[in-house]
Amino acid sequence: YCLIHVSCLPGLGSQPWIHVDGQHSDGVSLRCESSGWFPSPEVLWFDDQGNNLTTLSNWTVREDSKGLFSVKGQIEIIYSNNKIRCLIHNEENEQEGKLQISDEFFPKVPVGLVVSALLLGLAILVLSVLVPYSVKQRREIKGTFPSVTSPITTLLLFV
């Protein structure tokens with residue numbers, strides 16, 4: 001008979017790789033990936049102040065044919081957080097990836113300000129068309145009804 005003893009050694013995953021997935025109106029979408037983990041890891045996100053942002057993220061884990069796990073975490077951050085840390089860990093090990101995002105990725109002018117400026121411009125355009133039209137209409141209406149003025153009023157106007 002054969003006696004087989006299986007021992008599972010912890011697998012330290014690869015260095016997490018963080019990259020920008022896309023840019024959005026208020027910030028950017030980031031993805032953190034690592035592979036070669038055992039046991040299955042989880043992904044944690046932190047900003048430059050050490051605040052845990054994990055609740056704003058989602059992550060998935062996949063097991064390969066060798067029984068090792070790959071993990072992928074995604075998060076969308078707003079422009080105030082330009083330094084981000086991705087920590088991937090299990091009960092045995094942890095690896096950390098860091099990313100500093102250039103301010104050029106974040107909008108310089110708030111979206112609300114742009115929308116307000118556009119609405120103000122549209123209002124000015126509408127008024128610049130409506131006011132002259134209204135004045136013209138008044139003059140035409142006034143011209144169809146002759147004004148009644150007394151000779152004294154007429155005399156005062158010419159003095």
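With full-length UniProt numbering applied, the sequence shown covers 1 to 159.
Glycine is no exception: its CB is placed at the ideal position from the N, C-alpha and C atoms.
Fair warning: this is a prediction, and the values are worked out from it, not measured in the lab.
Am I right that residue i and residue j are in contact with their C-beta atoms under 8 angstroms? What's the rounded C-beta distance?
{"i": "residue 47", "j": "residue 83", "result": "7 angstroms"}
{"i": "residue 17", "j": "residue 97", "result": "6 angstroms"}
{"i": "residue 61", "j": "residue 40", "result": "5 angstroms"}
{"i": "residue 75", "j": "residue 57", "result": "4 angstroms"}
So, is residue i buried or exposed, given that buried needs 16 or more other C-beta atoms within 10 angstroms?
{"i": "residue 19", "result": "exposed"}
{"i": "residue 155", "result": "For residue 155, the predicted model reports a pLDDT of 48, less than 50, meaning its position is unreliable; a value from the coordinates is still stated below. Exposed, because fewer than 16 other Cβ atoms sit within 10 Å of the Cβ of residue 155."}
{"i": "residue 92", "result": "exposed"}
{"i": "residue 141", "result": "exposed"}
{"i": "residue 43", "result": "buried"}
{"i": "residue 22", "result": "exposed"}
{"i": "residue 139", "result": "exposed"}
{"i": "residue 132", "result": "exposed"}
{"i": "residue 129", "result": "exposed"}
Do residue j and residue i come within 8 angstroms of each other at the CB atom, strictly closer than that value?
{"i": "residue 88", "j": "residue 28", "result": "no"}
{"i": "residue 112", "j": "residue 68", "result": "no"}
{"i": "residue 30", "j": "residue 99", "result": "yes"}
Compute every distance between the C-beta of residue i and the non-hydrogen atoms of the ligand NAP, then say whether any falls below 7 angstroms.
{"i": "residue 96", "result": "Of ligands this structure carries none, so the ligand NAP is not represented either."}
- Query: Does the count of Cβ pairs from the region 114-130 and the region 51-62 closer than 8 angstroms reach three?
  - Reply: no
- Which ranges would you report for the beta strand (DSSP E) in the UniProt domain "Ig-like" (10-102) if only whole runs of at least 3 residues count? 17-23, 27-37, 42-47, 57-63, 69-78, 83-89, 94-100
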